[in-house]
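What follows is one structure encoded as structure tokens, with my remarks underneath.
Number of protein chains: 2
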Amino acid sequence: MPRSRQRILGDTKDRILGAAEKLFMERGYAATSLREITAAAGVNLAAVNYHFGSKEALVREVFERRLGPLNAARIAYLDRLESAAAGRPLTVESIVEAIVVPALHVSREPLAGGAAFLRLLGRVILEPTGFVREILPAHYRDVIVRFKEAFTRALPNIPESELAWRMHFMFGAMSYTLAGNDALQLIGTCKLDGADSPESIIRRLISFLAAGLQARLPEQDSKRPRKLASGVGRKAA
Amino acid sequence: MPRSRQRILGDTKDRILGAAEKLFMERGYAATSLREITAAAGVNLAAVNYHFGSKEALVREVFERRLGPLNAARIAYLDRLESAAAGRPLTVESIVEAIVVPALHVSREPLAGGAAFLRLLGRVILEPTGFVREILPAHYRDVIVRFKEAFTRALPNIPESELAWRMHFMFGAMSYTLAGNDALQLIGTCKLDGADSPESIIRRLISFLAAGLQARLPEQDSKRPRKLASGVGRKAA
DNA sequence: GTCTATACCACGATAGAC
DNA sequence: GTCTATCGTGGTATAGAC
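The listed protein sequences correspond, in order, to chains A and B. Using this note's numbering, the letters of the first sequence correspond one by one to residues 385 to 621. Using this note's numbering, the letters of the second sequence correspond one by one to residues 385 to 621.
Written out as structure tokens, the structure reads:
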């Protein structure tokens, strides 16, 4: 059902979407009022309710628009890796890379929402209530399936339930980092070198996650007596 | 300055604090109104503003009361490990244990706030705005200092900046997990075995984090030619 | 179909009586 | 210390203009 007429300078819906994204990113969801958004967009207050239904539905559309391309880029990255590997399993590092690097690109392209989008995403993922429970699953399903397969091939000795949890931990560390949280930095004693480029941070994140994903199992099946920790004293207490 | 008179059934301030904690945990901060809190506590609406000054100051006191004991338990745990080790460096696993296990205990003791407290804490840590920026540092400083020292001794070959980032990643994965987020679970394809006991989850988390913290450096100084990944195909692309 | 003006009710906060 | 009354602002709903 096409609209019969619309504005010259983008239609109202897009203007609201753009203004909302900008303000939500800058000030957060709760701290941004619909009156600020509609004022910035130059539209009437009631327009947001007409076009979106509610403030929550608005923020949902705001970052649905970003999440699709991001996850598509992740899958495309993985596709490239797998076709290059010609059937052999990938390294864990490269699989993690396929998840993290596209997010890094998003964080640096203002047109794609910039780092602020990831910050908002990271925050909204942690939210126990609201729309996350119904929206995120649909957007992440394909990504999870594909990467779970890849990890399973790369880590054949890790049981499925263990792998699920490790992916969970990976998800947490990644969300936290990409969200730009600097809890430690603020705490002061550990200053995360601000001069570090995003690339070097991502490299550090990848090696951390890859090592965690490949951790030896709590009770080793003793198939491959792999020595992991070295140069560290034995377990105390 | 002691109060001259106070109620029989706990004074107003404590009643508000108790009701607020319960409701904030259940419904989140933004979704809980002062009117609900004061109604549940059986006190007047204006009382919360008289005793605390604002809603924000109230939630701050709510989880300051829990965070102190939690971090004290972490330091005590580390103290015990170190005195038992008699000067030798601890294993990375045991240090991580000292961070995670006290939180597990909190999550299971309703009197200490229960799992809901960790959920609120994890969410509030992700919040870019508000009181976190001024409150959390003071409560976490001692913990960070002590554990950074311990990790530095346990991982003498990891540069300080690298270690800071790895602790950051650890913090993220841990907050995410303890906050009880089950993004993957909801996404469905990866069901995190609900039958898993908290203890087994914590064990998995510890081994994941310990492996990540001990990851080989991106460009190895080649002092200790440590083989980490095995049974995985070589890097593709 | 779109957009506007406007009214509604709940919220956090505060002043002032007691 | 406690209470009532009230203020400004928030998200939402609707009637009606175009």
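Note that beta-carbon positions come from the ideal geometry of N, C-alpha and C, so glycine has one too.
- Query: Is the shortest distance between the beta-carbon of residue 553 of chain B and the beta-carbons of chain A less than 7 Å?
  - Reply: yes
- Query: Along the stretch 398-410 of chain B, what residues have a CB closer than 9 Å to any CB found in chain A?
  - Reply: none
- Message: Within the continuous alpha helix (DSSP H) that includes residue 461 of chain B, where are the two ends?
- Response: 439-469
- If residue 590 of chain B sits next to residue 466 of chain B, beta carbons under 8 Å apart, how far is it from one beta carbon to the other, in whole angstroms? With a contact defined as Cβ atoms closer than 8 Å, residue 590 of chain B and residue 466 of chain B miss out at about 18 Å.
- Item | Proximal residues to residue 400 of chain B (C-beta, below 8 Å), its chain only, five neighbours per side dropped | 421, 422, 425, 427, 431, 432, 435, 436 and 442
- Message: Distance check for residue 477 of chain A and residue 584 of chain A, CA to CA, integer angstroms please.
- Response: 15 Å
- Message: Please classify residue 473 of chain B as buried or exposed, where buried requires at least 16 other C-beta atoms within 10 Å of its C-beta.
- Response: buried
- Task: Please report how far the alpha carbon of residue 449 of chain B lies from the alpha carbon of residue 542 of chain B, in whole angstroms.
- Result: Between residue 449 of chain B and residue 542 of chain B, the alpha-carbon positions lie close to 35 Å from each other.
- Query: Which one of B:550, B:492, B:396 and B:446 has the shortest CA to CA distance from residue 429 of chain B?
  - Reply: B:396
- Query: Going by beta carbon distance, what residues of the same chain come within less than 7 Å of residue 446 of chain A, once the five residues before and after it are set aside?
  - Reply: Cβ within range, chain order: 401, 404, 405 and 408.
- Query: Under 7 Å Cβ-Cβ, which residues of chain B neighbour residue 585 of chain A?
  - Reply: 549
- Work out the CA separation of residue 501 of chain A and residue 416 of chain A for me, nearest whole Å. Cα to Cα, the separation comes out at about 15 Å.
- Task: Give me the Cβ distance between residue 601 of chain A and residue 535 of chain A, rounded to the nearest whole Å; I'm assuming they're in contact under 8 Å.
- Result: About 15 Å separates the two Cβ atoms, so there is no contact after all.
- Message: Please state the DSSP three-state secondary structure of residue 600 of chain B.
- Response: coil
- Task: Could you tell me how far apart the beta carbons of residue 461 of chain B and residue 486 of chain B are, in whole angstroms, since I believe they sit closer than 8 Å?
- Result: 6 Å
- Item | Simplified DSSP assignment, three categories, for residue 525 of chain A | helix
- Grab me the residues of residue 457 of chain B's own chain with a C-beta within less than 6 Å of its C-beta, minus the 5 sequence neighbours each way, in chain order. 486
- So, using beta-carbon positions, are residue 553 of chain B and residue 592 of chain A closer together than 7 Å? yes
- Task: Would you mind working out which of B:537, B:413 and B:530 sits nearest residue 463 of chain B, comparing C-alpha positions?
- Result: B:530
- Beta-carbon of residue 457 of chain A versus every beta-carbon of chain B: anything under 7 Å? no
- Item | Per-residue burial, residue 571 of chain B [other beta carbons within 10 Å of its own, 16 or more giving buried] | At residue 571 of chain B the pLDDT is 49, less than 50, meaning the model places this residue with poor confidence; the figure from the coordinates comes in the next sentence. The residue in question, residue 571 of chain B, is buried, as its Cβ has 16 or more Cβ neighbours within 10 Å.
- At what residues does the alpha helix (DSSP H) containing residue 398 of chain A begin and finish? 396-411
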